[in-house]
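Novice: Provided herewith is a single structure, encoded as structure tokens, for subsequent inquiry.
Number of protein chains: 2
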Amino acid sequence: MKSLFNKGAVTAIVLLITATLSGCGEDNAQQSAAPATPSNEHYNFRLAHTWPTNFPIFGDAIHSMATMANKMSNGRINITIDSKNKHKAPFGIFDMVKSGQYDMGHSGSYYWKGKVPNTLYFTSMPFGMTAEEQYAWFYHGGGFDLTQKVYAPHNLISFPGGNTGNQMGGWFQKEINSIEDLQGLKMRIPGFAGEILAKVGGKPTNIPAGELYTALERGTIDALEWVGPSLDLRMGFHKVAPYYYTGWHEPGSEMQFLFNKEKWESLPADIQEILRVSMRLAAYDMYAHSYHESAVNWDSMKADYPNIQVKSFPNEVLQAMKDVNDVLIAEYAAADPLAKEIIDSQAAYLKKARAWTKISDQSYYETMESLQ
Amino acid sequence: MKSLFNKGAVTAIVLLITATLSGCGEDNAQQSAAPATPSNEHYNFRLAHTWPTNFPIFGDAIHSMATMANKMSNGRINITIDSKNKHKAPFGIFDMVKSGQYDMGHSGSYYWKGKVPNTLYFTSMPFGMTAEEQYAWFYHGGGFDLTQKVYAPHNLISFPGGNTGNQMGGWFQKEINSIEDLQGLKMRIPGFAGEILAKVGGKPTNIPAGELYTALERGTIDALEWVGPSLDLRMGFHKVAPYYYTGWHEPGSEMQFLFNKEKWESLPADIQEILRVSMRLAAYDMYAHSYHESAVNWDSMKADYPNIQVKSFPNEVLQAMKDVNDVLIAEYAAADPLAKEIIDSQAAYLKKARAWTKISDQSYYETMESLQ
Chain A
0 MKSLFNKGAV
10 TAIVLLITAT
20 LSGCGEDNAQ
30 QSAAPATPSN
40 EHYNFRLAHT
50 WPTNFPIFGD
60 AIHSMATMAN
70 KMSNGRINIT
80 IDSKNKHKAP
90 FGIFDMVKSG
100 QYDMGHSGSY
110 YWKGKVPNTL
120 YFTSMPFGMT
130 AEEQYAWFYH
140 GGGFDLTQKV
150 YAPHNLISFP
160 GGNTGNQMGG
170 WFQKEINSIE
180 DLQGLKMRIP
190 GFAGEILAKV
200 GGKPTNIPAG
210 ELYTALERGT
220 IDALEWVGPS
230 LDLRMGFHKV
240 APYYYTGWHE
250 PGSEMQFLFN
260 KEKWESLPAD
270 IQEILRVSMR
280 LAAYDMYAHS
290 YHESAVNWDS
300 MKADYPNIQV
310 KSFPNEVLQA
320 MKDVNDVLIA
330 EYAAADPLAK
340 EIIDSQAAYL
350 KKARAWTKIS
360 DQSYYETMES
370 LQ
Chain B
0 MKSLFNKGAV
10 TAIVLLITAT
20 LSGCGEDNAQ
30 QSAAPATPSN
40 EHYNFRLAHT
50 WPTNFPIFGD
60 AIHSMATMAN
70 KMSNGRINIT
80 IDSKNKHKAP
90 FGIFDMVKSG
100 QYDMGHSGSY
110 YWKGKVPNTL
120 YFTSMPFGMT
130 AEEQYAWFYH
140 GGGFDLTQKV
150 YAPHNLISFP
160 GGNTGNQMGG
170 WFQKEINSIE
180 DLQGLKMRIP
190 GFAGEILAKV
200 GGKPTNIPAG
210 ELYTALERGT
220 IDALEWVGPS
230 LDLRMGFHKV
240 APYYYTGWHE
250 PGSEMQFLFN
260 KEKWESLPAD
270 IQEILRVSMR
280 LAAYDMYAHS
290 YHESAVNWDS
300 MKADYPNIQV
310 KSFPNEVLQA
320 MKDVNDVLIA
330 EYAAADPLAK
340 EIIDSQAAYL
350 KKARAWTKIS
360 DQSYYETMES
370 LQ
């Protein structure tokens, strides 16, 4: 599919998609769409996602998107949603949407790292941006355009698909006080974060979700990370591990909506806009939903299991993992110009955004904590 | 208009508006809207806002909303936007939308405190929730329903209209090291925050925006607060005052879209949904836009004026202001059952949400700061 890549076309799509973001010089100047006779045409789309049927929060975001599109089009847009229980290929979403077997998908960009290495950067990066910072980068700092540079050669458009919020570092059976405590530590921690753990002496292991509770309880693994209270509560990990570590590896994980690019380009402008807006709103809404679920679930975890101990990794451990992260990222940047462009963009944006966060939300949380 | 208040009707509207938020038990079960013949009918709305023509960020959010509604309806929805330069009544939005002189408005809920005291609570409260926490409260913690309880008796529906992010405490000519330093301090700080300042010895003053720079430069006032780097940069305050204090009084100011309730109820479901979704997305987008503008503007302020000193008020000062805040809020709660319901809801939600923030974003920002 490499021959489909055309930089001009990618830029045009990006401009079209992001056109409503820019301000207008004159009041009312932006409403240039000429009224047209509404079409009676119906649009049926098939969407495949990575998650189980009835998966909370993520599944709610997908359904909310489909419902909005259906209502706003007065029933002309219908999106059929297949969970992994139906299509049996949770990590086949990229290929199924690329080929047109499905029109749309919902998944996580970092799952495609083995197939297309530059997809790694669009979910969340260790030691990287939080959700607020990352949305600003996506929509105003060049992130959205860079995403399409990676996906367009694969006949795909990737839209933000909902944020989990800051993910916790995981549940541990013993305290981590030094790098030594990580040596040989068996932990369920997949993907790039698992690579980092391995480089500082840990043993990342992959265990199916349904077996995680028992593995943690019986000592088959020493630790695991899942998401945070929003989705951890139902897994029950707090009943079998005493230490809950704060996060470092996924500070703001943004899921993705995928759309088949040829299909997208065949759609009329109003249908595109309804879909674009529905996906974008469902994504933001998922972040608010995740925040809420984490807040109420953390409250009930603490009430039922008051002995849960929240810990942060010591500076020595975090610094060692960040050093490994920085080396790996530098290797990726050296090996591929587009990787370098994305990495440089994220690093420069993080620096500016975090300087603002430091004097706004961070300072606010710190000073408020000291008050009665 | 008191007689229009009907708790059942309010609840029904709230349910209708928030229906797409809830998850569905079965995949695809939610798409129940029967396809209907699209109408050729056009819908023209008039919107009045509080801001000047071409006001950045806020104005962009309003135009983005109108553009999305226009495009998604294939040109059938047209929203005419009048700035305060046109209608000459920046603080008349509530009345003009209530009466139907305008169909829609964009403003700030706390501006109506003198007219309807319970509108105070829906923008941002001193020592209250940040934008992330407040969106979770609005959409999942009961905030949206409480908002409509306050607005429905006035023939209005109020939707979130965009967040400025955490606002800075303001620009000061001298350092504030104690309560004594606040005595007689002349500061531009309007509204409820100004009432708090007055109770701890300050002198809140009201000066038109166009005269603020000169007033601060010449010492007519000792300090002022505006928004944050996103909108402060163009005002130039950093050129004439050395101290930039971190915030306490507006941790996540959410503007509002107002809609005439009778007009809203006369609209077909697809038009309502297009408007609801456009307003809601424009609001979230404004938060990302504000975050971006604050990040890049703070970066250039620091580069051009490296002597700006960022300070936080000492604990003694913050505690004194919080004590005053708590006394005032308790008085409001004692005087009115609906005020009590809102205040209790916000306090209970803040407690849960902040406990989660503390182990997620707050902890992350703090630990990341210590790394090289």
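These protein sequence lines are chains A and B, in that order. Here the first sequence is numbered in numbering that gives the first Met the number 0, starting from 0 and rising by one per residue. Here the second sequence is numbered in numbering that gives the first Met the number 0, starting from 0 and rising by one per residue. Cβ atoms here follow ideal geometry from the backbone N, Cα and C, with glycine treated the same way.
Determine the chain B residues that contact Pro358 (chain A) at a beta-carbon separation under 8 Å, and present them in chain order.
Specialist: Rather than Pro, the amino acid found at residue 358 (chain A) in this sequence is Ile. The answer, in chain order, is Met167, Tyr243, Thr245, Trp297, Val309.
Novice: Is the segment 222-241 of chain A in contact with the segment 97-108 of chain A, if contact means three or more CB pairs nearer than 8 Å?
Specialist: Flag = no, the segment 222-241 of chain A and the segment 97-108 of chain A do not touch.
Novice: At a CB distance below 9 Å, what residues from the segment 128-150 of chain B approach chain A? Give them in sequence order.
Specialist: So the list reads Thr129, Ala130, Glu131, Glu132, Tyr134, Ala135, Trp136, Phe137, Tyr138, His139, Gly140, given in the order they occur along the chain.
Novice: Residues of chain A with CB closer than 7 Å to the CB of Met95 (chain B), please, in chain order.
Specialist: Under the 7 Å cutoff, chain A gives no residues; its nearest Cβ is about 16 Å from Met95 (chain B).
Novice: Are the beta-carbon atoms belonging to Tyr244 (chain B) and Ser311 (chain B) less than 8 Å from one another?
Specialist: Yes, the Cβ-Cβ distance between Tyr244 (chain B) and Ser311 (chain B) is below 8 Å.
Novice: Tell me, please, whether the CB atom of Val276 (chain B) is closer than 8 Å to any CB atom in chain A?
Specialist: Judged by the 8 Å Cβ criterion, Val276 (chain B) is in contact with chain A.
Novice: Using a Cβ-Cβ cut-off of 8 Å, state whether Gln371 (chain B) counts as contacting chain A.
Specialist: Yes - at least one Cβ of chain A is within 8 Å of the one on Gln371 (chain B).
Novice: Counting only beta-carbon separations shorter than 8 Å, does His86 (chain A) have a partner in chain B?
Specialist: No, His86 (chain A) does not count as interfacial toward chain B.
Novice: Considering only residues of the segment 126-184 of chain B, which uninterrupted alpha helix (DSSP H) runs meet the minimum length of 4 residues and lie entirely inside it, listed in chain order?
Specialist: Within the segment 126-184 of chain B, the complete alpha helix (DSSP H) runs of at least 4 residues are 130-139, 142-150.
Novice: Assign Arg353 (chain A) to one of three DSSP states: helix, strand, or coil.
Specialist: Note: Arg353 (chain A) maps to helix in three-state DSSP.
Novice: Can you check which of these residues, A:Lys238, A:Arg45, A:Leu337, is closest to Tyr101 (chain A) by C-alpha distance?
Specialist: It is A:Arg45.
Novice: Check the Cβ-Cβ distances between Pro125 (chain B) and every residue of chain A, and say whether any is below 8 Å.
Specialist: No, no contact with chain A.
Novice: Bridge partners for Pro203 (chain A) per DSSP, in chain order?
Specialist: For Pro203 (chain A), which the question treats as bridged, DSSP gives the partners A:Met186.
Novice: Let me know if Ala240 (chain A) comes out buried or exposed under the rule of 16 or more other beta-carbons within 10 Å of its beta-carbon.
Specialist: By the 10 Å Cβ count, Ala240 (chain A) comes out buried.
Novice: Please classify His41 (chain A) as buried or exposed, where buried requires at least 16 neighbouring CB atoms within 10 angstroms.
Specialist: The residue is exposed, with fewer than 16 neighbouring Cβ atoms inside 10 Å.
Novice: For the putative contact between Gly168 (chain B) and Trp225 (chain B), defined by C-beta atoms under 8 Å, what is the C-beta separation to the nearest angstrom?
Specialist: The pair is not a contact, with the Cβ atoms about 11 Å apart (cut-off 8 Å).
Novice: So, does the CB of Asn314 (chain A) fall closer than 8 Å to a CB anywhere in chain B?
Specialist: At least one chain B Cβ lies under 8 Å of Asn314 (chain A).
Novice: So what's Gln29 (chain B) in DSSP terms, helix, strand or just coil?
Specialist: Summary for Gln29 (chain B): the model assigns pLDDT 44, below 50, so the residue's position carries little reliability; its value from the coordinates is reported in the next sentence. It is coil, neither helix nor strand.
Novice: Kindly list the residues whose CB is nearer than 6 Å to the CB of Gly161 (chain A), restricted to its own chain and excluding five residues on each side of it in sequence; keep chain order.
Specialist: Excluding residues within five positions, the ones whose Cβ falls inside 6 Å are Ala60, Met254, Ala282, Met285.
Novice: Taking Ile78 (chain B) as the reference, which of B:Pro89, B:Phe90, B:Met64, B:Gly91 has the closest Cα?
Specialist: Nearest C-alpha to Ile78 (chain B): B:Met64.
Novice: Do three or more CB pairs link the segment 345-363 of chain B to the segment 163-177 of chain A at distances below 8 Å?
Specialist: In short, these stretches touch, since the Cβ pair count reaches three.
Novice: Could you give the distance in angstroms between the alpha-carbon of Asn84 (chain A) and the alpha-carbon of Tyr109 (chain A)?
Specialist: Rounded to whole angstroms, Asn84 (chain A) to Tyr109 (chain A) spans 21 Å at the Cα level.
Novice: Pop quiz: Met71 (chain A) and Asp325 (chain B) are said to be a contact at Cβ under 8 Å. What is the actual Cβ separation, rounded to whole angstroms?
Specialist: Not a contact, Cβ separation roughly 44 Å.
Novice: In or out: Lys260 (chain A) buried (at least 16 other Cβ within 10 Å) or exposed?
Specialist: The residue is buried, with at least 16 neighbouring Cβ atoms inside 10 Å.
Novice: Using 8 Å as the threshold, is the segment 137-145 of chain A in touch with the segment 169-186 of chain A, meaning 3 or more CB pairs across them?
Specialist: Touching, no, given that fewer than three Cβ pairs across the two stretches are closer than 8 Å.
Novice: If you measure between the beta carbons of Glu292 (chain B) and Glu131 (chain A), is that distance less than 8 Å?
Specialist: No, the Cβ-Cβ distance between Glu292 (chain B) and Glu131 (chain A) is not below 8 Å.
Novice: What does DSSP give as the partner residues of Gln255 (chain A) in its beta bridges?
Specialist: The partner list for Gln255 (chain A) (beta bridge, DSSP) reads A:Ser106, A:Pro159.
Novice: Answer with buried or exposed for Glu272 (chain A), where buried requires no fewer than 16 other C-beta atoms within 10 angstroms of its C-beta.
Specialist: It is buried - the Cβ of Glu272 (chain A) has at least 16 other Cβ atoms within 10 Å.
Novice: Can you give me the start and stop residues for the alpha helix (DSSP H) that Tyr283 (chain B) sits inside?
Specialist: Residues 268-303.
Novice: Could one say the Cβ of Thr49 (chain B) lies closer than 8 Å to chain A's Cβ atoms, at least one of them?
Specialist: It does not: the Cβ of Thr49 (chain B) has no partner Cβ on chain A nearer than 8 Å.
Novice: Identify every residue that forms a DSSP beta bridge with Thr79 (chain A).
Specialist: In DSSP, Thr79 (chain A) forms a bridge with A:Arg45.
Novice: Can the beta-carbon of Val115 (chain A) be found closer than 8 Å to that of Leu337 (chain A)?
Specialist: No, Cβ-Cβ distance for Val115 (chain A) and Leu337 (chain A) is not below 8 Å.
Novice: Consider the Cβ of Ser106 (chain B): report whether some Cβ of chain A lies at a distance smaller than 8 Å.
Specialist: No, Ser106 (chain B) does not count as interfacial toward chain A.
Novice: What would DSSP say about Val326 (chain B), mapped onto helix, strand or coil?
Specialist: Three-state result, Val326 (chain B): helix.
Novice: Using CA atoms only, rank isn't needed, just tell me which of B:Arg279, B:Lys262, B:Ser38 is closest to Phe256 (chain B).
Specialist: With distances taken between Cα atoms, Phe256 (chain B) lies closest to B:Arg279.
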